[in-house]
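Asker:
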Amino acid sequence: QYVPVITLDGPSASGKGTIARLVSQALGFHYLDSGALYRLVALAAMKRGVDAGDEQGVVGIARSLDVSFADSSIRLDGIDVSDEIRAEACGEYASKIAQYSALRVELLERQRDLRKLPGLVADGRDMGSVIFPDATLKIYLTANEEERARRRHKQLMEKGINASIAHLVLALRERDERDSKRVASPLQQCEDTRLLDTTGLNIDQVVGKVLGMYADSG
Ligand code: C5P
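Under UniProt numbering, read the sequence shown as residues 4 to 221, first letter to last.
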């Protein structure tokens, strides 16, 4: 039986997580935050003192990862780390280890297993290109650099984390470059993917556009 999937891929801080969650709620679908998986491996590796350059060590961590993905909280070894994994240092580390194809293979089935009726909304970098190539609707979500940095800044401030916008612009640029240029499942806009530029749009407008595209895709 075909289980519908909507994939939202795109650069850092493009609003993928917020939009994917709201679209999944509107449709009553499950939600996969694939970046959280990479961030969880990153956090576990950092806590255990594994260097980002140690591919074997990182893959070993992923293999033994004890995570629970309840909808509202993300737990590592039973502890709620939903906020901790959002730190920029964790995103940085995640983007470094995300280059290892052995790690990506290790996480593949964990992601595909979440595809269940009535459907799934998945956000990340390779959701449409690698994990769910037969997705019902594939979207490449983006916004200009400044707006993405401002959004990330707001998100961090709300969590009580300080950061300057200028620094965030540079950090996001560096991360997106690494994610786009890597050999293993790079971030890219594929031919069968619809571009959705959210610069200047508010959250409701973007959610409306995605739902409209989905309604048209059947
Ligand atoms: O989306 P988020 O910022 O949480 O992702 C953190 C990092 O995890 C990204 O910069 C990227 O390197 C990696 N990632 C990935 N593939 C995905 C999701 C995230 O490589 N599907």
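Cβ atoms here follow ideal geometry from the backbone N, Cα and C, with glycine treated the same way.
In whole angstroms, give me the CA-to-CA distance for V44 and I64.
Answerer: Those two C-alpha atoms are separated by around 7 Å.
Asker: Should N121 go down as buried or exposed, given a rule of 16 or more other Cβ atoms within 10 Å for buried?
Answerer: Reading off the sequence, residue 121 comes out as Pro, not Asn. By the 10 Å Cβ count, P121 comes out exposed.
Asker: Cβ-heavy atom distance between K141 and the ligand C5P below 8 Å?
Answerer: Not under cutoff, so the answer is no.
Asker: On a Cα-Cα basis, can you pick out the residue from A138, S27, T145, S67 that is closest to Y5?
Answerer: Considering only alpha carbons, the answer is A138.
Asker: Just mark H156 as buried or exposed, buried being the case when its beta carbon has 16 or more other beta carbons within 10 Å.
Answerer: Answer is buried; the Cβ neighbour count reaches 16.
Asker: Return the chain-ordered list of same chain residues with a C-beta closer than 7 Å to the C-beta of G18, the five sequence neighbours on each side being excluded.
Answerer: L144, A146, R154, T201, V209.
Asker: Could you work out which residue in R78, L25, Y96, L110 is closest to M49 when comparing CA atoms only?
Answerer: Per the Cα distances, Y96.
Asker: Pick out whichever of G127, E58, K99 has its Cα sitting closest to the Cα of Y34.
Answerer: The candidate whose alpha carbon is nearest that of Y34 is G127.
Asker: Any heavy atom of the ligand C5P closer than 8 Å to the Cβ of K184?
Answerer: Checking the Cβ of K184 against the ligand C5P gives no.
Asker: Per DSSP, which residues does S125 bridge with? Please list them.
Answerer: The sequence given here places Ala at residue 125; Ser does not occur at that position. Answer is T10, L35.
Asker: Could you tell me whether the stretch 23-42 touches the stretch 204-218, where touching means 3 or more Cβ pairs closer than 8 Å?
Answerer: As far as the Cβ criterion goes, the stretch 23-42 touches the stretch 204-218, which means the pair count is three or higher.
Asker: State the start and end residues of the unbroken beta strand (DSSP E) segment that holds Y96.
Answerer: Segment 91-100 is the alpha helix (DSSP H) holding Y96; no beta strand (DSSP E) there.
Asker: Taking one C-beta from the stretch 49-60 and one from the stretch 98-107 each time, how about it: are there three or more such pairs within less than 8 Å?
Answerer: The stretch 49-60 is in contact with the stretch 98-107.
Asker: Helix, strand or coil for Y143, going by three-state DSSP, please let me know.
Answerer: Correct three-state label for Y143: strand.
Asker: What separation, rounded to the nearest whole angstrom, lies between the Cα atoms of C93 and T10?
Answerer: So the two alpha carbons sit approximately 23 Å from each other.
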